[in-house]
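Numbering (numbering that gives the first Met the number 0), first residue to last: 0 to 337. A virtual CB, placed ideally from N, CA and C, is assigned to each residue, including glycine. Since the structure comes first, as structure tokens, the remarks are kept for the end.
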Amino acid sequence: MKPKLFCIYCGERLGEEFLEGKMRQVCSGCRQIAYENPLPVVSIMVANDRREILLVKREREPSKNMWCFPIGFAESGESIQEAALRELQEEAGIEGRILEIVDVSSEANEMYGELLIVTFEAEKIGGVETAGDDACDVGYFPATNLPRLAFSSQDRALGKFIELKRDIWSMKDSFDRFVETSVIEQQPAKGLLSDALVDVFQANAPAIIELWISEISSNPSTKSYHHFPREELFSRGEDILGQLRAWLNGDEAEKELKAFYVELGKRRMREGVGLEDLISSLSLLKKHIFRFATSRGVWSRAVDMYRVLELGERLVYFFDRAAYYAVTGYLEGSERAV
Numbered sequence: 000m001k002p003k004l005f006c007i008y009c010g011e012r013l014g015e016e017f018l019e020g021k022m023r024q025v026c027s028g029c030r031q032i033a034y035e036n037p038l039p040v041v042s043i044m045v046a047n048d049r050r051e052i053l054l055v056k057r058e059r060e061p062s063k064n065m066w067c068f069p070i071g072f073a074e075s076g077e078s079i080q081e082a083a084l085r086e087l088q089e090e091a092g093i094e095g096r097i098l099e100i101v102d103v104s105s106e107a108n109e110m111y112g113e114l115l116i117v118t119f120e121a122e123k124i125g126g127v128e129t130a131g132d133d134a135c136d137v138g139y140f141p142a143t144n145l146p147r148l149a150f151s152s153q154d155r156a157l158g159k160f161i162e163l164k165r166d167i168w169s170m171k172d173s174f175d176r177f178v179e180t181s182v183i184e185q186q187p188a189k190g191l192l193s194d195a196l197v198d199v200f201q202a203n204a205p206a207i208i209e210l211w212i213s214e215i216s217s218n219p220s221t222k223s224y225h226h227f228p229r230e231e232l233f234s235r236g237e238d239i240l241g242q243l244r245a246w247l248n249g250d251e252a253e254k255e256l257k258a259f260y261v262e263l264g265k266r267r268m269r270e271g272v273g274l275e276d277l278i279s280s281l282s283l284l285k286k287h288i289f290r291f292a293t294s295r296g297v298w299s300r301a302v303d304m305y306r307v308l309e310l311g312e313r314l315v316y317f318f319d320r321a322a323y324y325a326v327t328g329y330l331e332g333s334e335r336a337v
């Protein structure tokens, strides 16, 4: 950017002096300092539900025929947010609502000098994507596979945007897999965020079983188990945790789950275990698994808390079905005994 030659106040020639810690242009007549302030630039990102980002293709220089987020200078009389939404409508044809600031950066430009670039994320609230103003084309591209962008500031903003969305996208992907596989298809889901906590309780199965035994050996809701030898209860706990582990890992399907717990219910009926005691013992084991797994970690991020909630849902889903099949087997055994 070329330096100014004359004072905007009195028209006298500008010179240079060391003032306020740096070399500055100073009017030789009125002594006004000609400050060089960065120009405010707005850039705006809009993503759709498929995690694609809206880009416009530049119709003119600089960076003609390259893709970028809608971008332009803020003007006097409008807020920085209003400027961003204006650029979105002028260049891409849609109306938006600001969600958050993604990035603020500065850079030097040969044509305009120092720029202060504020990048927002917005959501579409109206309009149809249409190239306009400085754009010759418009389209959505996968966030992780964009064409080369026209401006380095937008590369930085893209990296920050993906990092901001990483946990949210991971949680949504994990939730969708859990619902689709476990709830709809009634099969164990794989590749979930809570698998990390599943690994914790698998690695500590003996400690969990010992905690469970201590409770069912004294809890009033499991009186039928009070007289069983500890070694036998430990073996039973291993069987149940082993079956749970196989189901969560996807090594067994619904039919194996049903067969295991129907037979377990029949055996407990033959042993004289009360039905209510059987259900309580399963509930207490679920409690100790969840407590142990969630006690091993610091839950400071949303994704960490989601892992805990997801594990709870998986355990509830598993043990609800286990209890149902165990009751089914128990009642079948009772009918045969009669």
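Asked, Found
"Buried or exposed (CB count within 10 angstroms, at least 16 for buried), residue 267", "buried"
"Bridge partners - residue 211, DSSP secondary structure assignment", "None, per the DSSP bridge assignment."
"Test item: CB-CB of residue 161 and residue 95 under 8 Å", "no"
"Residue burial classification, residue 7 (beta-carbon count within 10 angstroms, cutoff 16)", "exposed"
"Cut-off 6 Å between Cβ atoms - residues of its own chain near residue 188, not counting five sequence neighbours on either side", "176, 177, 180, 181"
"Nearest-angstrom Cβ-Cβ length linking residue 263 and residue 195, presumed shorter than 8 Å", "Residue 263 to residue 195, Cβ: 28 Å. No contact."
"Proximity to residue 330 [Cα-Cα], best of 310, 308, 260", "260"
"Exposure of residue 92, with buried meaning 16 or more beta-carbon neighbours within 10 Å", "buried"
"Backbone secondary structure at residue 332 - three-state DSSP", "helix"
"For residue 298, the three-state DSSP class (helix, strand or coil)", "coil"
"Opening and closing residue of the alpha helix (DSSP H) in which residue 12 lies", "It is not in any alpha helix (DSSP H) - residue 12 carries neither H nor E in the DSSP assignment."
"Residue closest to residue 203, alpha-carbon to alpha-carbon, out of 287, 271, 130", "287"
"First and last residue of the uninterrupted beta strand (DSSP E) at residue 112", "112–126"
"Delimiting residues of the beta strand (DSSP E) encompassing residue 3", "No beta strand (DSSP E) holds residue 3; DSSP gives it neither H nor E."
"Stretch-stretch touch, CB-based, cutoff 8 Å, three pairs: the segment 19–35 with the segment 148–155", "no"
"Helix, strand or coil at residue 41 according to DSSP, with G and I counted as helix", "strand"
"Residue of 173, 191, 316, 216 minimising C-alpha distance to residue 228", "216"
"For residue 115, the nearest candidate out of 46, 102, 38 (CA to CA)", "38"
"Opposing strand residues paired with residue 239 [DSSP bridges]", "Residue 239 is not bridged to any residue."
"Segment limits, alpha helix (DSSP H) that includes residue 282", "274–293"
"Sheet register partners of residue 108 (DSSP bridge)", "112"
"Rounded straight-line distance, which links the Cα of residue 19 to that of residue 27", "17 Å"
"First through last residue of the alpha helix (DSSP H) which encompasses residue 255", "253–269"
"Range covered by the alpha helix (DSSP H) that runs through residue 153", "151–177"
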